[in-house]
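Visitor:
Protein chains: 2
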Amino acid sequence: MSTKRLLHTWQRRSEQRVYECRVFTVRRDRSFFSRDRAEHDFHVLECPDWVNIIPLTPKNEVVMVRQFRHGTRALTLEVPGGMIDPGDASPLVAARREMVEECGFDSDDVRPLGAIHPNPALQANRCHSFVAYDVAACAEPTFDSTEETEVVLVPFDEIPDRIRDGSITHALVVVAFHWLALGT
Amino acid sequence: MSTKRLLHTWQRRSEQRVYECRVFTVRRDRSFFSRDRAEHDFHVLECPDWVNIIPLTPKNEVVMVRQFRHGTRALTLEVPGGMIDPGDASPLVAARREMVEECGFDSDDVRPLGAIHPNPALQANRCHSFVAYDVAACAEPTFDSTEETEVVLVPFDEIPDRIRDGSITHALVVVAFHWLALGT
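So the protein sequences, as listed, match chains P and S.
Going by the working numbering, the letters in the first sequence line up with residues 18 to 201, in that order.
Going by the working numbering, the letters in the second sequence line up with residues 18 to 201, in that order.
(1) With contact counted as at least three CB pairs below 8 Å, one residue from each stretch, are the region 35 to 53 of chain P and the region 24 to 43 of chain S in contact?
(2) Could you check the C-alpha separation between P/C120 and S/L94 for me, to the nearest Å?
(3) Is S/H25 buried or exposed, if buried means 16 or more other CB atoms sit within 10 Å of its CB?
(4) S/F147 and S/L170 look like a contact to me (Cβ under 8 Å); what is the Cβ gap, rounded to whole Å?
(5) Of the residues S/R22, S/A112, S/E56, S/R83, which one's Cα is nearest the Cα of S/A132?
(6) With DSSP as the reference, label P/L24 as helix, strand or coil.
(7) Is P/G104 closer than 8 Å to P/I70 when the C-beta atoms are compared?
(8) Does the distance between the C-beta of S/H187 and the nearest non-hydrogen atom of the ligand FMN fall short of 7 Å?
(9) Closer than 8 Å, CB to CB, is S/C38 near chain P or not?
(10) Should the region 136 to 145 of chain P be called in touch with the region 183 to 200 of chain S, which here means at least 3 C-beta pairs below 8 Å?
(11) Please return the same chain residues whose Cβ sits closer than 6 Å to the Cβ of P/E115, not counting the five positions on each side in sequence.
(12) Should the region 150 to 161 of chain S be called in touch with the region 56 to 68 of chain S, which here means at least 3 C-beta pairs below 8 Å?
(13) Along chain S, which residues have their Cβ under 7 Å away from the Cβ of P/Q162?
(14) Which of helix, strand or coil does DSSP assign to P/L62?
(15) From P/L197 to S/Q28, what does the alpha carbon distance come to, in whole angstroms?
(16) Helix or strand or just coil, what does DSSP make of P/I70?
(17) Please report whether the beta-carbon of S/D151 lies at a distance below 8 Å from any beta-carbon of chain P.
(18) Could you give the DSSP three-state label for P/M18: helix, strand or coil?
(19) To be precise: take each residue of the region 164 to 196 of chain P, compare its Cβ to all Cβ atoms of chain S, and keep it if any distance is under 7 Å. Which residues remain?
(20) With DSSP collapsed to three states, give me the class of P/H87.
(21) If you measure from the beta carbon of S/R30 to each beta carbon in chain P, is any gap under 8 Å?
(22) Using the Cβ count rule (16 or more neighbours within 10 Å means buried), how would you classify P/T74?
(23) In three-state DSSP terms, what is P/C120?
(24) Helix or strand or just coil, what does DSSP make of S/D105?
(25) For P/T89, count the other beta carbons within 10 Å of its own beta carbon; 16 or more makes it buried, fewer makes it exposed. Which is it?
(26) My output table needs one value for S/R52: the three-state DSSP class, helix, strand or coil.
(27) State the Cα-Cα distance for the pair S/S19 and P/F122, rounded to the nearest angstrom.
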């Protein structure tokens, strides 16, 4: 049931990339709104698509990573994830690569859970979530010069409590667990 | 159980604000890593904290808003939400204000669900989620010059299907529904 209909539209008249760094580009769009018949500026972030993946062991433990995050300047507890690289053939390939790199665990039973917009107000990119069943240790984690992760096995049944108590505080990790709970 | 311990630390040596706009500031941090004993640059977004709120009617419908989002350049279906303004006395006050402004619904039974980091890799800010029970229409939605929302009542029982089918695609909205499902 709708109580009020959208009447007006936006047309983008111009765009300009105003700041670039390794993980995003800031773009300023100038868009025309049919209601006030004026142009307005909006800033958006161009980012590659992201992935994350819930690795489950045969004992139903989640293989998680603890790492320092420069946004919050604190340690977080997350499932493996990251940016899709240009060389990744698909989001699934990227997710499996991140799982092996960050955790040193692998599985060939990786299934898609869903894709979400991290923030449609600011970004066009999506985060693709996966679950991997029957993962096993296959290698030591590999880091680039600025990465270091600690692998932590968390019983799957404890995940809701870890979200409630704030141990898991990354929105996109919570979304991955929500997809899994939905049984998609 | 941990299989590998974090050994190294990060120290921020300097910071510089490199781009500012209405909704975020881009900051470049230069940080020293004890492992390679070198300095590295990281870009982060400074944003105010955000809020969102699930308004539930006495008939157990969710009052949602459809609006154009400039990040994805598409319409989204969301619960009300936005930035905490300097004049908001608390996150709860901000959430209730957004509910009234965007939907024209109100309630004095507003309860906190939890707070999440939208993206700890890039941002320090948090999104605070709330639920409002027994909401009732109180006013017409009010918009600033660049806002327009359509109010949509969605039966609460249909929310999982709307997430599965991609009608609800905003990560922070999914997190709010996850908090509610957890019964926090």
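Heads up, the beta-carbon is just placed ideally off N, CA and C, and yes, glycines get one too.
Guide: Taking the coordinates as given:
(1) yes
(2) In the first sequence, residue 120 of chain P corresponds to position 103, counting from 1. In the second sequence, residue 94 of chain S corresponds to position 77, counting from 1. If I take the Cα positions, the gap works out to 36 Å.
(3) Taking the second sequence and counting its residues from 1, one reaches residue 25 of chain S at position 8. S/H25 counts as exposed, since fewer than 16 other C-beta atoms from the protein chains shown sit within 10 angstroms of its C-beta.
(4) Counting from 1 along the second sequence, the entry for residue 147 of chain S is found at position 130. Counting from 1 along the second sequence, the entry for residue 170 of chain S is found at position 153. So it is not a contact: roughly 18 Å between Cβ atoms.
(5) As a working mapping, residue 132 of chain S is identified with position 115 in the second sequence. When only C-alpha atoms are compared, the closest one is S/A112.
(6) The count along the first sequence starts at 1 and reaches residue 24 of chain P at position 7. P/L24 falls in the coil class under three-state DSSP.
(7) One-based indexing of the first sequence puts residue 70 of chain P at position 53. One-based indexing of the first sequence puts residue 104 of chain P at position 87. The answer is no: Cβ separation not under 8 Å.
(8) Ligands are entirely absent from the displayed structure, and the ligand FMN is therefore not among its contents.
(9) Within the second sequence, the letter at position 21 stands for residue 38 of chain S. Yes, S/C38 counts as interfacial toward chain P.
(10) yes
(11) For the purposes of this step, residue 115 of chain P is taken as residue 98 along the first sequence, with counting starting at 1. Same-chain partners within the cutoff: P97, G98, G99.
(12) At 8 Å Cβ cutoff, the stretches do not touch.
(13) Numbered from 1 along the first sequence, position 145 holds the residue referred to as residue 162 of chain P. Per the sequence shown, residue 162 of chain P should be read as Ser rather than Gln. Near P/S162 (Cβ distances below 7 Å), the residues of chain S are D53.
(14) For this step, residue 62 of chain P is matched to residue 45 along the first sequence. The answer is strand: DSSP assigns P/L62 an E or B state.
(15) In the first sequence, residue 197 of chain P corresponds to position 180, counting from 1. In the second sequence, residue 28 of chain S corresponds to position 11, counting from 1. It is roughly 37 Å from the alpha-carbon of P/L197 to the alpha-carbon of S/Q28.
(16) Residue numbering aside, residue 70 of chain P sits at position 53 when the first sequence is read from its first letter. P/I70: strand per DSSP, three-state reduction.
(17) Numbered from 1 along the second sequence, position 134 holds the residue referred to as residue 151 of chain S. S/D151 does not count as touching chain P.
(18) In the first sequence, residue 18 of chain P corresponds to position 1, counting from 1. Annotation note: pLDDT 42 at P/M18 (below 50); position unreliable, coordinate value reported separately. Looking at P/M18 - three-state DSSP - the assignment turns out to be coil, as it is neither helix nor strand.
(19) Answer set for the region 164 to 196 of chain P: E165, E167, V168, V169, L170, P177, I180, R181, T186, H187, A188, L189, V191, V192, H195.
(20) The residue given as residue 87 of chain P occupies position 70 in the first sequence. P/H87: coil per DSSP, three-state reduction.
(21) Looking up residue 30 of chain S in the second sequence gives position 13. Output row for S/R30: interface = no.
(22) Position 57 of the first sequence, counted from the first residue, corresponds to residue 74 of chain P. Buried, by the Cβ-count rule.
(23) Position 103 of the first sequence, counted from the start, is the residue given in the question as residue 120 of chain P. Note: P/C120 maps to helix in three-state DSSP.
(24) If you number the second sequence from 1, residue 105 of chain S lands on position 88. Coil, per DSSP.
(25) As a working mapping, residue 89 of chain P is identified with position 72 in the first sequence. Flag for P/T89 reads buried.
(26) Here residue 52 of chain S refers to the residue found at position 35 of the second sequence. S/R52: coil per DSSP, three-state reduction.
(27) Numbered from 1 along the second sequence, position 2 holds the residue referred to as residue 19 of chain S. Numbered from 1 along the first sequence, position 105 holds the residue referred to as residue 122 of chain P. The pLDDT assigned to S/S19 is 45, lower than 50, so where the model puts this residue is not dependable; a value taken from the coordinates is nonetheless given after this. Rounded to whole angstroms, S/S19 to P/F122 spans 14 Å at the Cα level.
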